[in-house]
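Novice: Numbering (our numbering), first residue to last: 11 to 319.
All C-beta atoms in this analysis are idealised placements derived from N, C-alpha and C, irrespective of residue type, glycine included.
The structure displayed is predicted, hence computed values, not measured ones.
1. Provide the residue span of the alpha helix (DSSP H) that contains residue 56, from first to last.
2. My guess is that residue 187 and residue 122 are in contact by the Cβ rule of under 8 Å, so how many angstroms apart are they, rounded?
3. From which residue to which residue does the beta strand (DSSP E) around residue 287 run?
4. Just verifying my parser: in three-state terms, what is the DSSP assignment at residue 146?
5. Buried or exposed for residue 88, please, with buried defined as at least 16 other CB atoms from any protein chain shown within 10 angstroms of its CB.
6. Can you say whether residue 155 is buried or exposed, counting buried as having 16 or more other CB atoms within 10 angstroms of its CB?
7. By the three-class DSSP mapping on this structure, what secondary structure does residue 195 have?
8. Count the C-beta pairs between the segment 215 to 234 and the segment 101 to 121 that are closer than 8 Å, then say yes if the count reaches three, no if not.
9. Which residue from 173, 266, 160, 190 puts its Cα closest to that of residue 112?
10. Mind reading off the beta-carbon distance from residue 288 to residue 93? Whole number of angstroms is fine, and I expect it under 8 Å.
11. Per DSSP, what kind of secondary structure is residue 74 in: helix, strand or coil?
12. What did DSSP end up calling residue 95 once you bin it into helix, strand or coil?
13. Starting from residue 276, follow the beta strand (DSSP E) in both directions and report where the run begins and ends.
14. In whole angstroms, what separates the C-alpha of residue 313 from that of residue 305?
15. Whole angstroms are fine: how far does the CA of residue 65 sit from the CA of residue 11?
16. How do the segment 195 to 213 and the segment 162 to 180 stand: do at least 3 beta-carbon pairs fall below 8 Å, yes or no?
17. Please name the residue or residues paired with residue 42 in a DSSP beta bridge.
18. Expressed to the nearest angstrom, what Euclidean distance is found between the alpha-carbon atoms of residue 13 and residue 41?
19. So, using beta-carbon positions, are residue 85 and residue 52 closer together than 8 Å?
20. Counting along the chain, where does the alpha helix (DSSP H) carrying residue 126 start and finish?
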């Protein structure tokens with residue numbers, strides 16, 4: 011049995027997820043296992059087949075990746091241990107001999123399709139769409155069957171598949187970026203760096219008016235900024251939602267820890283997904299009254315009152 015660690019990622023080779031995994035120093039020299047979907051990647055981690063999995067969690071154009079958010083909410087004992095940013099753009103590829111005028115049906119991953127639909131609608135106004143499991147799978151399908159005439163794929167796809175590029179730079183937003191996270195099993199907390207992010211999932215106790223405001227106040231009153239707040243249906247009844255939240259800071263930061271304690275008292279279910287270094291390495295600016303010293307001094311003041319009573 012090999013001692014080489016295995017990392018799972020959405021394959022096949024050539025995907026943006028593979029590009030994200032290439033940014034992980036620990037993955038260099040390891041075995042990379044391509045999988046078909048997020049659930050399979052995370053199941054690899056839970057079963058021990060892989061030490062970690064790289065998955066997309068947010069796009070600057072499309073927002074949160076719902077499949078990832080739902081999987082993290084339902085699969086226990088997982089931790090996000092890092093995040094990575096990958097610039098995203100696309101090309102339109104087809105079998106050799108195909109022209110743009112020949113294209114009637116396009117194969118594309120739903121997220122990629124959402125990020126290129128303006129270009130596609132303008133240049134192929136009558137096209138149909140077949141969803142693919144990944145950006146590379148969309149291109150590879152052109153060599154396996156004739157259900158589609160072209161595919162939306164990552165730049166450089168022709169290094170992996172013998173296809174012709176009909177158009178490049180077809181992304182609707184040239185500044186689009188996808189955020190990926192590396193997910194492992196529960197492990198020791200990393201040391202705070204001063205440029206950290208904490209990810210959680212929380213549910214409201216009921217649908218009484220003002221409940222969402224009460225939840226947000228747990229962070230606002232402690233000076234904790236949210237860089238992501240998205241809702242996803244829980245699925246057990248209409249109107250029941252959970253919230254995916256990214257906080258600026260580390261769970262070992264006093265303000266973040268105190269906010270999570272308040273959230274736990276308020277919410278019937280809080281899932282802690284991890285604290286990890288930010289990909290952009292930008293320092294977190296904290297107002298002095300919310301820094302660690304302020305919380306420590308406030309506790310010391312209270313202790314002095316109690317001890318002197």
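Specialist: On the basis of the data shown:
1. In the chain shown, the residue the question calls residue 56 occupies position 46. Taken as a continuous stretch (DSSP letters only), the alpha helix (DSSP H) holding residue 56 covers 48 to 57.
2. For this step, residue 187 is matched to residue 177 along the chain shown. For this step, residue 122 is matched to residue 112 along the chain shown. With a Cβ gap of about 14 Å, residue 187 and residue 122 do not count as contacting.
3. The residue given as residue 287 occupies position 277 in the chain shown. Taken as a continuous stretch (DSSP letters only), the beta strand (DSSP E) holding residue 287 covers 280 to 287.
4. On the chain shown, residue 146 is found 136 positions in, with the first residue counted as 1. In this structure, residue 146 counts as helix in the three-state DSSP scheme.
5. What you label residue 88 is simply residue 78 of the chain shown in a count that begins at 1. Residue 88 should be labelled buried.
6. Residue mapping note: residue 155 aligns to position 145 of the chain shown, counting from 1. It is exposed - the Cβ of residue 155 has fewer than 16 other Cβ atoms within 10 Å.
7. On the chain shown, position 185 is the one that residue 195 refers to. Of the three classes helix, strand and coil, the one that applies to residue 195 here is strand, per DSSP.
8. no
9. Numbered from 1 along the chain shown, position 102 holds the residue referred to as residue 112. Ranking the options by Cα distance to residue 112, first place goes to 160.
10. As a working mapping, residue 288 is identified with position 278 in the chain shown. As a working mapping, residue 93 is identified with position 83 in the chain shown. The Cβ separation is near 7 Å, so the contact holds.
11. Here residue 74 refers to the residue found at position 64 when the chain shown is read from its first residue. Correct three-state label for residue 74: strand.
12. Mapped onto the chain shown, residue 95 falls at position 85. DSSP places residue 95 in strand when its eight states are reduced to three.
13. Indexing the chain shown from 1 puts residue 276 at position 266. That residue, residue 276, is in no beta strand (DSSP E); its alpha helix (DSSP H) goes 264 to 276.
14. For the purposes of this step, residue 313 is taken as the residue at position 303 of the chain shown. For the purposes of this step, residue 305 is taken as the residue at position 295 of the chain shown. Distance between the alpha carbons of residue 313 and residue 305: 12 Å.
15. For the purposes of this step, residue 11 is taken as the residue at position 1 of the chain shown. For the purposes of this step, residue 65 is taken as the residue at position 55 of the chain shown. Model confidence at residue 11 stands at a pLDDT of 44, short of 50, so the residue's coordinates are unreliable; what they give is reported in the following sentence. Between residue 11 and residue 65, the C-alpha separation is close to 26 Å.
16. no
17. On the chain shown, residue 42 is found 32 positions in, with the first residue counted as 1. Paired residue(s): 17.
18. Mapped onto the chain shown, residue 13 falls at position 3. Mapped onto the chain shown, residue 41 falls at position 31. Each residue's Cα considered, the two are about 10 Å apart.
19. In the chain shown, residue 85 corresponds to position 75, counting from 1. In the chain shown, residue 52 corresponds to position 42, counting from 1. Yes, the pair counts as a contact, with Cβ atoms nearer than the cut-off.
20. Taking the first residue of the chain shown as position 1, residue 126 is located at position 116. 120 to 133 is the span of the alpha helix (DSSP H), which, as asked, contains residue 126.
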